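Trainee: Take a look at this one; I'll ask things after.
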Amino acid sequence: MLLPLSLLFVGAVLVLNGLWMASRIDDGEIVLMNGATAAITAAVAAVSLVQAQDVADVRAVAMTLLFSVTYLWVAFNRVSGSDGRGLGWFSLFVAFSILPEAVRTLRAASTPMETWLGLCWLAWAALWFLYFLTMAMQIPFRRQAALATLVSGVLTAWLPALFLMYGTHS
Numbered sequence: 001m002l003l004p005l006s007l008l009f010v011g012a013v014l015v016l017n018g019l020w021m022a023s024r025i026d027d028g029e030i031v032l033m034n035g036a037t038a039a040i041t042a043a044v045a046a047v048s049l050v051q052a053q054d055v056a057d058v059r060a061v062a063m064t065l066l067f068s069v070t071y072l073w074v075a076f077n078r079v080s081g082s083d084g085r086g087l088g089w090f091s092l093f094v095a096f097s098i099l100p101e102a103v104r105t106l107r108a109a110s111t112p113m114e115t116w117l118g119l120c121w122l123a124w125a126a127l128w129f130l131y132f133l134t135m136a137m138q139i140p141f142r143r144q145a146a147l148a149t150l151v152s153g154v155l156t157a158w159l160p161a162l163f164l165m166y167g168t169h170s
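For reference, each letter of the sequence shown is one residue, going 1 to 170 in full-length UniProt numbering.
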């Protein structure tokens, strides 16, 4: 029920982060959207945790919090002036942590939307791995990471959020 809310803000922050990485948005300006998205997704996770009935519910909370911490860390880095290497290593942790969710979602998928969400998990794992390469390993992939972030924001979050909010659910 709260998935469209999270996806809408994840879509917005990914699109804006892609624009920021492409030097279209100033460092200081990107702080607000990352902080807001971290807070919104953390609030969704908190509500979901209170309503959790089983390990699947807790798993969904954990996956959501990986997003929340990422956006909080981006905001922190922009305010503190940190170089992002720590976030890069966290991104590797996230990339490997969400791969089982991608496999589980794809194996269990029985609708086009569920398949799409499974593919989104794969795309996010690849995106976080790209962040690891760019920030922790300092491989100059910023341009590619900017484009991948922008495209991911549209295809894996914003459009699915709109579909879930306004389209059919199958």
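Glycine included, each C-beta is placed from N, C-alpha and C at the ideal position. From a predicted model like this one, the values you see are computed outputs, not experimental measurements.
1) For residue 23, does the three-state DSSP call read helix, strand or coil?
2) What residue range is occupied by the uninterrupted alpha helix (DSSP H) comprising residue 115?
3) Do the stretch 137-148 and the stretch 25-39 touch if we need at least three Cβ pairs shorter than 8 Å?
4) Alpha carbon to alpha carbon, how far is residue 127 from residue 73? Give it in angstroms, no decimals.
5) Check whether the stretch 30-39 and the stretch 76-91 are in contact - that is, three or more C-beta pairs closer than 8 Å.
6) Is residue 167 helix, strand or coil when you go by DSSP?
7) Evaluate residue 103 with the Cβ neighbour count: other Cβ atoms within 10 Å of its Cβ, from every protein chain shown; 16 or more gives buried, anything less gives exposed.
Mentor: Put simply:
1) Within the sequence shown, numbered from 1, the residue matching residue 23 stands at position 23. Three-state DSSP puts residue 23 in coil, outside helix and strand.
2) Position 115 of the sequence shown holds residue 115. That run of the alpha helix (DSSP H) goes 112-131.
3) No, the stretch 137-148 is not in contact with the stretch 25-39.
4) For the purposes of this step, residue 73 is taken as residue 73 along the sequence shown, with counting starting at 1. For the purposes of this step, residue 127 is taken as residue 127 along the sequence shown, with counting starting at 1. Distance between the alpha carbons of residue 73 and residue 127 is about 16 Å.
5) yes
6) Residue mapping note: residue 167 aligns to position 167 of the sequence shown, counting from 1. In this structure, residue 167 counts as coil in the three-state DSSP scheme.
7) Taking the sequence shown and counting its residues from 1, one reaches residue 103 at position 103. Residue 103 is classed as exposed because its beta carbon has fewer than 16 other beta carbons within 10 Å across all chains shown.
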